Structures are given as C-alpha cells and as structure tokens.
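Worksheet: one structure, shown below.
Residue numbers (full-length UniProt numbering): 1 to 193.
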C-alpha cells in the first residue's frame with residue numbers, strides 16, 4: 001500500500017476501535033503549499049512525505065493523539081514548519097554547523113536543518129524525516145530533546161513507519177518497541193515492552 005492508502009486504513013481502524021483518537025485527527029485544510037515548504041526547508045520533500053501531508057492535517061490543537069509509537073501525535077505541514085523553525089532558531093544560535101555526520105541515518109546532536117519534524121510528543125521530542133543525502137535518505141529518526149540527539153533510524157521511510165503502525169493495529173504485534181492498546185475511553189495508547 002502507498003502512504004494515502006496506509007493513512008486511510010489507520011484512520012479507519014482508529015474510527016472503529018479508538019474513536020477518541022480518530023476524532024482528534026484533522027484533514028489538511030487548506031491543502032499545504034508544499035513548494036513553499038521546500039523553499040523554506042531548502043530540501044526537496046520525498047514523495048512519501050508530500051503524500052502524508054496531503055492526507056493528514058495533524059490533530060485538534062488541544063488534543064494529543066498518539067497515533068505513532070511510542071507516543072507521537074502527527075503534525076500538519078504547517079505545524080511541522082513551525083517546529084522546524086523553532087529548532088533552527090534554538091540550534092543556529094548554539095552551533096555554527098550541526099554536530100552530526102553528513103549522511104542520512106547517522107547519529108547526531110544539535111538539530112540538523114535537513115531533519116523535518118513530522119510528529120511530536122507534546123513536550124519536545126519528535127519524529128523527524130532525515131533528508132540528508134545517502135542510502136537512508138527519507139528515514140525516520142527520533143529526536144530526543146533532553147539528550148539533544150538522534151541515535152539510529154526508527155524506520156527506513158514514512159511508508160515503512162505507517163506500514164508498521166498499520167500492521168501493529170490490525171495484527172496486535174509491536175511497532176518498533178511498542179504494542180498498541182486502546183484505553184477504556186477509546187484512545188489509542190502504545191505500551192513499551
């Protein structure tokens with residue numbers, strides 16, 4: 001399945017099994033200007049990320065919807081741009097050059113301008129798509145704000161991440177190191193095991 005199909009299947013599953021989480025999801029309205037985002041990010045967005053932002057508009061601003069394991073709420077394209085701007089402002093003042101390798105998927109500290117945030121935990125940790133060059137271009141990393149680092153790719157791509165989430169939801173298997181559960185009040189929750 002491609003990204004729009006995977007996202008639609010995830011939303012369908014959430015609507016049936018975790019309606020509170022599903023109700024928090026928003027369509028992209030208005031559709032994001034992806035050319036404008038590419039110009040600001042100074043990178044070409046991979047087709048999978050473009051596809052995600054054309055079908056996922058983030059969530060209700062007052063609700064955390066942990067759709068992505070272990071506790072991440074997807075961003076709209078506009079929320080991603082704001083998170084990226086905030087990181088650039090914070091890290092540009094501290095580092096003349098990002099403290100990480102040139103190639104995608106490699107560990108690093110400070111926030112690299114080619115890391116595009118796609119989901120947050122409501123505090124400061126985020127999932128980012130790594131758009132540095134190399135064979136892992138487009139992989140998904142977990143940015144840990146407190147440690148100011150990424151360690152290794154969590155998924156090889158946005159589609160791989162969504163496929164893993166879909167499989168976890170429909171088959172009850174882990175996605176990464178987390179298992180999906182649904183709370184009594186109808187929210188998706190991920191249990192780390």
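Just so you know, even glycine gets a beta-carbon here, dropped at the ideal spot from N, CA and C.
On a predicted model such as this, the values are computed, not experimentally measured, just so you know.
Residue nearest to residue 168 in terms of C-alpha spacing, selected from 20, 67, 56, 41: Residue 67 is the option with its Cα nearest to residue 168.
Going by DSSP, what residues sit across from residue 128 in a beta bridge? 117, 141
At the level of alpha carbons, what is the spacing between residue 26 and residue 56? Approximately 7 Å, taken between the alpha carbons.
Among all the DSSP beta bridges, which residues are the ones paired with residue 180? 190
Rounding to the nearest angstrom, what Cα-Cα distance links residue 52 and residue 132 in this structure? 19 Å
Hey, out of 108, 166, 125, whose CA is closest to residue 86's CA? Considering only alpha carbons, the answer is 125.
Indicate whether residue 178 and residue 70 have their beta-carbon atoms separated by less than 8 Å. yes
Pick out whichever of 172, 39, 13, 135 has its Cα sitting closest to the Cα of residue 207. Here the chain comprises residues numbered 1 to 193, so residue 207 is not present and cannot be evaluated.
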